[in-house]
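In what follows, a single structure is set out as C-alpha cells and then discussed.
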C-alpha cells in the first residue's frame, strides 16, 4: 500500500478537494457532537472544570502518531512524504501566545469557531469575522513583518531530530506523556474544577 | 490476569493499548526508510513505457512562462556550463553532488543535462532512492535549444506548422531566443547565439521554491 495516497498520485488535485471536503465535514461534525461548538465548554478547560478539549486533542495526537508510526514501520507509508511545517521558533511562540490569549478570552480556536458559527452562535460568527479581518490585515502588513515572520528558522524539524533520540522512544515518551496527562486531567477535574463556580 | 482486561473501563483499556503500542515502538525501529534502496523494476519499466518519466521542452517552457513554481528544475551539468547558459529558474546540481543535494521526496523535480543520458541516469538514481515525482527534460538542453530558443520554420511549411511556429515565437522571445524563418539548417546553426542569462527578466520567471505551495493547516 502506498500512503500518502495523494503524494503517490492515486488521485489528482480535483479529487483531493472532494476528499478534503468530506473529511472537513466529518471533522466539523464530530467537533460539534463533542461539544466543541460551545465557547463555554472550550473555555472551561482553563478553569479545570472540563478538560475534554485537552483529552480529545491529545488522544487525536497519539492515535495519529501511533498509526503513522506503525504504518511507516511496516512499510505501507512513506513518512518522508508527509509534510512537516517548518519551525520558526520565536514568531511561532509569539503566535501561539496570541492564539492562547484569544482562546482564553473568546473561548474558541480557529477550527471550533467555524463549528460554532455554522451552528448559529453569534460569538462564533464574530470570531470568524475577526479571523477574516486578521488574515486581511496580516496580508496587508506582511512586508512590514516579513523579517520577523521568517526569523529564527529551524527548518522542517521533528522532536526526534531535535533531541537526537530514536523515533520509537519518542513515540513511547509521548504516549506516556499523554497517559500521564489524562490521569492528571481527571484528577484536576475532580479536585480543582469544582472550586470555581461556573457563571 | 485472564479477567483483568475486560473489567477495565473503556478509557483504561484504550490507555493500556496505547501504552503497549508505545512500548513496542521503542523496539520497532525507525519509521523512515534508511539508505537501503528498493527498486521496483516493473514499476519503473511501466513508467518509462508510458512515457510518464519526462516532460517535453514545450511543456517546461509553458510552465516557466506561466510562472508555475510547483517544481524544481535541476541542471546536472558542470558549473562552467551552467554559468554560460541555463534554463531560467534552474538550480545547479552537478551529478557528483546529487546524493547530498537537499531535495524533498514529494517535490516535483525536473532534471536536465546536455543531452539525455545524464538526466536519465540521475532519474534512475533518484527514483530508486524513493523520489516519486522526478522527470527529465526530454532531449535535454539540446532539444531545448532547438525547439524553444531557436525554433525553425521551413520555407515549405504547411499552414499548421506556421501556426504552431507563430505560437512558439512568443515563447522563444520570452526566453531570449531568436526564431528562425526559412534558410537551411547550416545557416541557422551559424547564427545561434545563446541568450544572455539575464534575458528572461526575473520578474516573470519564478525562482523555484519562493512561492512554494503551502501545506498544512
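Residue numbers (the numbering used here), protein chains in the order written: chain A, 64 to 262; chain B, 23 to 239. Don't be surprised by glycine CBs; every beta carbon is placed ideally from N, CA and C.
> Which chain B residues are close to residue 229 of chain A, counting only those with a beta carbon under 9 Å from its beta carbon?
Replying inline: The residue labelled residue 229 of chain A in the question sits at position 166 within the first chain. Within 9 Å Cβ-Cβ: 48, 51, 52.
> Is residue 150 of chain B close to chain A, meaning its C-beta is less than 7 Å from at least one C-beta of that chain?
Replying inline: By 1-based counting over the second chain, the position of residue 150 of chain B is 128. With 7 Å as the cut-off, residue 150 of chain B does not count as an interface residue toward chain A.
> What does residue 45 of chain B touch in chain A if you count any residue whose Cβ is under 7 Å from its own?
Replying inline: Numbered from 1 along the second chain, position 23 holds the residue referred to as residue 45 of chain B. Simply 235.
> From which residue to which residue does the alpha helix (DSSP H) around residue 211 of chain A run?
Replying inline: Here residue 211 of chain A corresponds to residue number 148 of the first chain, with the count starting at 1. From DSSP, the alpha helix (DSSP H) with residue 211 of chain A extends over 185-212.
> Are the Cβ atoms of residue 170 of chain A and residue 114 of chain A separated by less than 7 Å?
Replying inline: Here residue 170 of chain A refers to the residue found at position 107 of the first chain. Here residue 114 of chain A refers to the residue found at position 51 of the first chain. Result no, Cβ atoms of residue 170 of chain A and residue 114 of chain A do not sit closer than 7 Å.
> Candidates A:186, A:138, A:119, A:145: which alpha carbon is nearest residue 103 of chain A's?
Replying inline: Within the first chain, the letter at position 40 stands for residue 103 of chain A. For the residues A:186, A:138, A:119, A:145, the minimum Cα distance to residue 103 of chain A belongs to A:186.
> DSSP three-state call for residue 154 of chain A: helix, strand or coil?
Replying inline: Within the first chain, the letter at position 91 stands for residue 154 of chain A. In the structure shown, residue 154 of chain A sits in a helix (DSSP, three-state: H, G or I).
> Among the residues of its own chain, which have a CB less than 7 Å from the CB of residue 208 of chain A, if the five just before and after it don't count?
Replying inline: The residue given as residue 208 of chain A occupies position 145 in the first chain. Non-local C-beta neighbours of residue 208 of chain A in its own chain, meaning closer than 7 Å and more than five positions away in sequence, are absent.
>> Can you pull the chain A neighbours of residue 40 of chain B, defined as C-beta to C-beta under 9 Å?
In response: The residue given as residue 40 of chain B occupies position 18 in the second chain. Per Cβ cutoff of 9 Å: 122, 125, 126, 129, 238, 241, 242.
>> Considering Cα atoms alone, identify which of A:140, A:121, A:248, A:184 is closest to residue 40 of chain B.
In response: Numbered from 1 along the second chain, position 18 holds the residue referred to as residue 40 of chain B. Taking the Cα of residue 40 of chain B as reference, the smallest distance to any Cα among A:140, A:121, A:248, A:184 is reached at A:121.
> How long is the line joining the alpha carbons of residue 86 of chain A and residue 131 of chain B, rounded to whole angstroms?
Replying inline: Mapped onto the first chain, residue 86 of chain A falls at position 23. Mapped onto the second chain, residue 131 of chain B falls at position 109. When only Cα atoms are considered, residue 86 of chain A and residue 131 of chain B end up about 30 Å apart.
> Helix, strand or coil for residue 69 of chain A per DSSP?
Replying inline: Reading the first chain from its first residue, position 6 is the one you call residue 69 of chain A. Of the three classes helix, strand and coil, the one that applies to residue 69 of chain A here is coil, per DSSP.
>> Looking at residue 223 of chain A: is its Cβ nearer than 7 Å to the Cβ of residue 230 of chain A?
In response: Along the first chain, read from residue 1 onward, the residue named residue 223 of chain A stands at position 160. Along the first chain, read from residue 1 onward, the residue named residue 230 of chain A stands at position 167. By the CB criterion at 7 Å, residue 223 of chain A and residue 230 of chain A fall inside the cutoff.
> Three-state secondary structure (DSSP) at residue 114 of chain B?
Replying inline: Here residue 114 of chain B is taken as the residue at index 92 of the second chain, counted from 1. Judged by DSSP in its simplified three-state form, residue 114 of chain B adopts strand.
>> For residue 81 of chain A and residue 75 of chain A, what's the separation of their Cα atoms in angstroms?
In response: Counting from 1 along the first chain, the entry for residue 81 of chain A is found at position 18. Counting from 1 along the first chain, the entry for residue 75 of chain A is found at position 12. Put simply, the backbone Cα of residue 81 of chain A is about 10 Å away from that of residue 75 of chain A.
> What does residue 135 of chain A reach in chain B if we use C-beta pairs closer than 9 Å?
Replying inline: Reading the first chain from its first residue, position 72 is the one you call residue 135 of chain A. The contacting residues are 52, 53, 54, 55.
> From residue 210 of chain B to residue 103 of chain B, what distance separates their C-alpha atoms?
Replying inline: By 1-based counting over the second chain, the position of residue 210 of chain B is 188. By 1-based counting over the second chain, the position of residue 103 of chain B is 81. Residue placement at residue 210 of chain B cannot be trusted, given a pLDDT of 48 that sits under 50; what the coordinates show is reported in the next sentence. If I take the Cα positions, the gap works out to 22 Å.
>> I want to see whether chain B comes within less than 7 Å of residue 232 of chain A, judged by CB atoms only; does it?
In response: Numbered from 1 along the first chain, position 169 holds the residue referred to as residue 232 of chain A. Residue 232 of chain A counts as touching chain B.
> Would a C-beta distance cut-off of 7 Å place residue 169 of chain B and residue 79 of chain B closer than the cut-off?
Replying inline: In the second chain, residue 169 of chain B corresponds to position 147, counting from 1. In the second chain, residue 79 of chain B corresponds to position 57, counting from 1. Going by C-beta atoms, residue 169 of chain B is nearer than 7 Å to residue 79 of chain B.
> Which runs of the beta strand (DSSP E) spanning at least 3 residues fall entirely within the region 100-154 of chain A, listed in chain order?
Replying inline: Fully enclosed beta strand (DSSP E) runs of 3 or longer: not present.
> By DSSP, does residue 209 of chain B sit in helix, in strand, or in coil?
Replying inline: For the purposes of this step, residue 209 of chain B is identified with residue 187 of the second chain, where counting begins at 1. Its pLDDT being 48, under 50, residue 209 of chain B is placed unreliably in this model, and the value from its coordinates should be taken loosely. Three-state result, residue 209 of chain B: helix.
> Grouping DSSP H, G and I as helix and E and B as strand, with all else coil, what is residue 49 of chain B?
Replying inline: Locating residue 49 of chain B in the second chain gives position 27, counting from the first residue. In the three-state reduction of the DSSP assignment, residue 49 of chain B falls in the helix class.
> Quick one: is residue 108 of chain A buried, meaning 16 or more other Cβ sit within 10 Å of its Cβ, or exposed?
Replying inline: Position 45 of the first chain, counting from 1, holds the residue named residue 108 of chain A. By the neighbour-count rule (16 or more Cβ atoms within 10 Å), residue 108 of chain A is buried.
> Going by beta carbon distance, what residues of the same chain come within less than 7 Å of residue 221 of chain A, once the five residues before and after it are set aside?
Replying inline: Here the question's residue 221 of chain A lines up with position 158 in the first chain. Excluding sequence neighbours, residue 221 of chain A sits near 147.
>> Which residues in chain B have a C-beta closer than 7 Å to the C-beta of residue 132 of chain A? List them in chain order.
In response: In the first chain, residue 132 of chain A corresponds to position 69, counting from 1. The answer, in chain order, is 47, 53.
>> With H, G and I counted as helix, E and B as strand and the rest as coil, what does DSSP make of residue 54 of chain B?
In response: By 1-based counting over the second chain, the position of residue 54 of chain B is 32. DSSP places residue 54 of chain B in the coil class of the three-state scheme, outside both helix and strand.
> How many angstroms separate the CA atom of residue 165 of chain B from the CA atom of residue 73 of chain A?
Replying inline: The residue labelled residue 165 of chain B in the question sits at position 143 within the second chain. The residue labelled residue 73 of chain A in the question sits at position 10 within the first chain. About 32 Å.
>> Taking the beta carbon of residue 178 of chain B as the centre, do at least 16 other beta carbons fall within 10 Å, making it buried, or is it exposed?
In response: For the purposes of this step, residue 178 of chain B is taken as residue 156 along the second chain, with counting starting at 1. Result: exposed.
> Which ranges would you report for the beta strand (DSSP E) in the region 104-178 of chain B if only whole runs of at least 3 residues count?
Replying inline: Complete beta strand (DSSP E) runs here, min 3: 112-114, 130-134, 156-159.
> Exposed or buried, residue 137 of chain A, counting other C-beta atoms within 10 Å across all chains shown (16 or more means buried)?
Replying inline: Position 74 of the first chain, counted from the start, is the residue given in the question as residue 137 of chain A. Of the residues assessed, residue 137 of chain A falls on the exposed side of the cut-off, its CB having fewer than 16 other CB atoms within 10 angstroms.
> Name the chain B residues whose beta carbon is nearer than 7 Å to that of residue 162 of chain A?
Replying inline: Working through the first chain from its first residue, we reach residue 162 of chain A at position 99. Within 7 Å Cβ-Cβ: nothing; residue 162 of chain A doesn't reach chain B, min ~12 Å.
>> As a quick exercise: from B:81, B:98, B:72, pick the residue whose alpha carbon is nearest that of residue 142 of chain B.
In response: Indexing the second chain from 1 puts residue 142 of chain B at position 120. The residue with the shortest Cα to Cα distance from residue 142 of chain B is B:98.
> For a contact meaning CB atoms closer than 8 Å, what does residue 37 of chain B contact in chain A?
Replying inline: Start at 1 with the first residue of the second chain, and residue 37 of chain B comes out as number 15. Neighbours of residue 37 of chain B across chain A, judged by C-beta separation under 8 Å: 242, 245.
> Skipping 5 residues on each side, what residues in its chain have a beta carbon closer than 8 Å to that of residue 207 of chain B?
Replying inline: Along the second chain, read from residue 1 onward, the residue named residue 207 of chain B stands at position 185. Residue confidence for residue 207 of chain B is low, a pLDDT of 49 falling below 50, so the modelled location carries little weight and cannot support an answer.
>> Using the three-state DSSP reduction, which class does residue 35 of chain B fall into: helix, strand or coil?
In response: Taking the first residue of the second chain as position 1, residue 35 of chain B is located at position 13. DSSP places residue 35 of chain B in the helix class (H, G or I) of the three-state scheme.
>> On the criterion of 16 or more Cβ atoms from any shown chain inside 10 Å, does residue 33 of chain B qualify as buried, or is it exposed?
In response: Position 11 of the second chain, counted from the first residue, corresponds to residue 33 of chain B. The residue is exposed, with fewer than 16 neighbouring Cβ atoms inside 10 Å.
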